[in-house]
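S.K.: Quick one: the structure is below, questions incoming.
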């Protein structure tokens, strides 16, 4: 019997670029289950809960830790900056790499206080637009969370995959469009603790995707979570049911929907 490979251990870290009299600084910390990356970044910089942050990048590292028994890790590093320090990135990167280092990320998280199943996810979603300013949305199929609502194209980042590659793949599978992943819009999180069942935690990465030559809107994945897809003008968004993820992403571009 062929052995089943162990899943690739995954970690999320957050990094904050700040300015100051002594020059720009880069802080870093691990993001634990249930933590919002932006909140962790603010605490790193000693900032208030309302302090504005700019999402700069999500860097994916697929590497093995040094040592006699190397441990492979998939690490997604989320980078924020305070507004005055945006231009310091990436020159502020230290020569030895970003901290925490891989060796510091091997250990498992402390066990939760309540013994219940947990689901963790890194997901990449796109604000997908065409040259006329239309926005592409996908309809969540029956049997999936949010069924019947219109969703931003995107989904889970597979082990060994970076957020941009995952987004290009998901846009193609869900809408039949080939787009260019542009600027990072924001990074947020979703944490749900139901009375029963799984505790769910996800880090949501939102990026702009431009489709220069729109083709027919068609769902290519079979038996997946997408039932349909369509282009919408911004003024049409108020007349359709939007998923929580879509509302979270669009509020950064067109105001609350």
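Residue numbers (full-length UniProt numbering): 1 to 257.
Each residue gets a CB set at the ideal place from its N, CA and C atoms; glycine is no exception.
1) Is it a yes or a no for the stretch 84 to 93 touching the stretch 60 to 73, going by three-plus beta-carbon pairs under 8 Å?
2) With residue 258 as the anchor, note down where its beta strand (DSSP E) starts and where it stops.
3) Which word fits residue 45, buried or exposed, when buried means at least 16 other C-beta atoms lie within 10 angstroms of its C-beta?
4) Whether or not the stretch 138 to 153 and the stretch 217 to 229 are in contact is what I'm after, with contact meaning three or more pairs of Cβ atoms, one per stretch, closer than 8 Å; do they touch?
5) Please classify residue 91: does DSSP put it in a helix, a strand, or coil?
6) Do you know how far the Cα of residue 16 is from the Cα of residue 265?
7) Give the secondary structure of residue 2 by DSSP, where H, G and I count as helix, E and B as strand, and everything else as coil.
8) Let's test the definition: count the other Cβ atoms within 10 Å of the Cβ of residue 236 and tell me whether it reaches 16, buried, or not, exposed.
9) Can you list, in chain order, the residues of its chain with a C-beta nearer than 8 Å to that of residue 5? Leave out the 5 residues immediately preceding and following it.
10) Three-state secondary structure (DSSP) at residue 243?
11) Among residues of its own chain, excluding the 5 on either side of residue 51, which ones have a beta-carbon nearer than 6 Å to its beta-carbon?
12) Taking Cβ positions, are residue 126 and residue 171 nearer each other than 8 Å?
13) Just to check my reading of the structure: residue 79 and residue 57 have Cβ atoms closer than 8 Å, yes? What is that Cβ distance to the nearest angstrom?
14) For residue 166, list the residues DSSP reports as bridge partners.
15) Using alpha carbons as the reference points, say which of 81, 113, 34 lies closest to residue 47.
16) Kindly confirm or deny that the stretch 130 to 144 and the stretch 209 to 219 touch, where touching means at least three C-beta pairs closer than 8 Å.
17) Using the Cβ count rule (16 or more neighbours within 10 Å means buried), how would you classify residue 18?
18) Let me check understanding here. Comparing Cα to Cα, which of 234, 158, 124, 206 lies closest to residue 249?
19) Could you tell me the distance, in whole angstroms, from the CA atom of residue 256 to the CA atom of residue 232?
20) So is residue 62 buried or exposed if we call it buried at 16+ other beta carbons inside 10 Å?
21) In whole angstroms, what separates the C-alpha of residue 121 from that of residue 105?
22) Within the same chain, show all residues whose beta-carbon is closer than 6 Å to that of residue 262, passing over the 5 residues directly before and after it, in chain order.
23) Name the DSSP beta bridge partners of residue 33, please?
24) On the DSSP letters alone, give me the boundaries of the beta strand (DSSP E) that residue 72 sits inside.
25) Whose CA, out of 9, 65, 176, 101, lies closest to the CA of residue 220?
M.R.: Looking at the coordinates:
1) no
2) Absent from the structure is residue 258, since the part of the chain shown begins at 1 and ends at 257.
3) buried
4) yes
5) coil
6) A question about residue 265 goes unanswered here, because the residues of the chain that appear run from 1 up to 257.
7) Note on residue 2: pLDDT 40, under 50, position unreliable in the model; the coordinate value appears next. The answer is coil: DSSP assigns residue 2 none of H, G, I, E or B.
8) That one is exposed.
9) Its pLDDT being 47, under 50, residue 5 is placed unreliably in this model, and the value from its coordinates should be taken loosely. In its chain, beyond the 5 residues on either side, no residue has a beta carbon closer than 8 Å to the beta carbon of residue 5.
10) coil
11) 42
12) yes
13) 5 Å
14) Its beta-bridge partners do not exist; DSSP assigns none.
15) 81
16) yes
17) buried
18) The residue from 234, 158, 124, 206 with its alpha-carbon nearest to that of residue 249 is 206.
19) Note that residue 256 scores 41 on pLDDT, short of 50, meaning its location in the model is unreliable; the coordinates nonetheless yield the value given after this. Residue 256 and residue 232: Cα-Cα distance of roughly 16 Å.
20) exposed
21) 17 Å
22) No answer is possible for residue 262: it lies beyond the span of the chain, which begins at 1 and ends at 257.
23) In the DSSP output, where bridge partners are listed per residue, residue 33 has none listed.
24) 72 to 81
25) In terms of Cα proximity to residue 220, the closest of 9, 65, 176, 101 is 176.
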